[in-house]
Amino acid sequence: HALNIHHDEL
Amino acid sequence: MNIFRLSGDVCHLIAIIILFLKIWRSKSCAGISGKSQVLFALVFTTRYLDLFTSYISAYNTVMKVVYLLLAYSTVGLIFFRFRNSYDSESDSFRVEFLLVPVAGLSFLENYAFTPLEILWTFSIYLESVAILPQLFMITKTGEAESITAHYLLFLGLYRALYLANWLWRFHTEGFYDQIAVVSGVVQTIFYCDFFYLYFTRVLRGSGKMSLP
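These protein sequence lines are chains A and B, in that order. Reading the first sequence from the start, the letters are residues 1 to 10 in this note's numbering. Reading the second sequence from the start, the letters are residues 1 to 212 in this note's numbering.
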């Protein structure tokens, strides 16, 4: 978890 | 996507729909905490700002939009359409006691110090405590209609299934979202007492859930 954080969960 | 995650999302959706239909059909929001519903609308709003910045999947986009629409519709029913039935006297939880610490914590403990990330973190922390005004209201009035109890059951199921989802993802992908998991565990703990009451009273009882 540094750059480009991708939160795919709802 | 795994079966726990999918069924968790579906339970979340069912919970929101149960609540919306209950208010819509009975033309009353008696026993429902408007404050909890405003907090949930705020949770979705601050979390789903990434609708504008990143595309993940059609499923992801559709679910986010549906959650947002239903959350705001429910708030609209409580505070506008059926506001005469809103029991503001019993809905007396002081939400600033939740919002201030949650906002503070999201500035201190986040993945990146950017507006979108801080708001995402805020939404995760806020969701873990957003049901407290509703639970407080039930404690205060001493009972909940069974349909309100079903709503809370499905919200609780959603939480429990997300925990299973995170265990699954950790074992299969090594994926571990610390902020979401810690907040999720805290949130699920709030439902434990309620689960006990639900199974001992609603399922065996007369339809209403009374507190001891």
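Idealized CB from N, CA, C, for every residue including glycine.
Distance, Cα to Cα, residue i vs residue j?
i                     : j                     : result
residue 41 (chain B)  : residue 68 (chain B)  : 7 Å
residue 131 (chain B) : residue 119 (chain B) : 19 Å
residue 155 (chain B) : residue 113 (chain B) : 30 Å
residue 57 (chain B)  : residue 6 (chain A)   : 12 Å
residue 23 (chain B)  : residue 186 (chain B) : 28 Å
residue 91 (chain B)  : residue 84 (chain B)  : 14 Å
residue 73 (chain B)  : residue 19 (chain B)  : 11 Å
residue 3 (chain B)   : residue 165 (chain B) : 8 Å
residue 93 (chain B)  : residue 104 (chain B) : 20 Å
residue 133 (chain B) : residue 163 (chain B) : 23 Å
residue 35 (chain B)  : residue 95 (chain B)  : 7 Å
residue 126 (chain B) : residue 45 (chain B)  : 12 Å
residue 48 (chain B)  : residue 64 (chain B)  : 7 Å
residue 158 (chain B) : residue 136 (chain B) : 20 Å
Could you tell me whether any Cβ in chain A is nearer than 8 Å to the Cβ of residue i?
i                     : result
residue 56 (chain B)  : yes
residue 196 (chain B) : no
residue 9 (chain B)   : yes
residue 151 (chain B) : no
residue 120 (chain B) : yes
So residue i is in the beta strand (DSSP E); what residue range does that whole segment cover?
i                     : result
residue 144 (chain B) : 143-145
Over what stretch of residues does the alpha helix (DSSP H) that includes residue i continue unbroken?
i                     : result
residue 74 (chain B)  : 58-76
residue 188 (chain B) : 178-197
residue 15 (chain B)  : 3-26
residue 47 (chain B)  : 34-47
residue 106 (chain B) : 96-108
residue 129 (chain B) : 115-129
List, in order along the chain, the chain A residues whose C-beta lies closer than 9 Å to that of residue i?
i                     : result
residue 180 (chain B) : 7 and 9
residue 64 (chain B)  : 10
At 8 Å on the CB atoms, spell out the chain A contacts of residue i, in chain order.
i                    : result
residue 60 (chain B) : 8 and 10
residue 50 (chain B) : 7
residue 67 (chain B) : 10
Just to check, is the beta-carbon of residue i closer than 7 Å to a non-hydrogen atom of the ligand PLP?
i                    : result
residue 26 (chain B) : Ligands in the displayed structure: none, and consequently the ligand PLP is not present.
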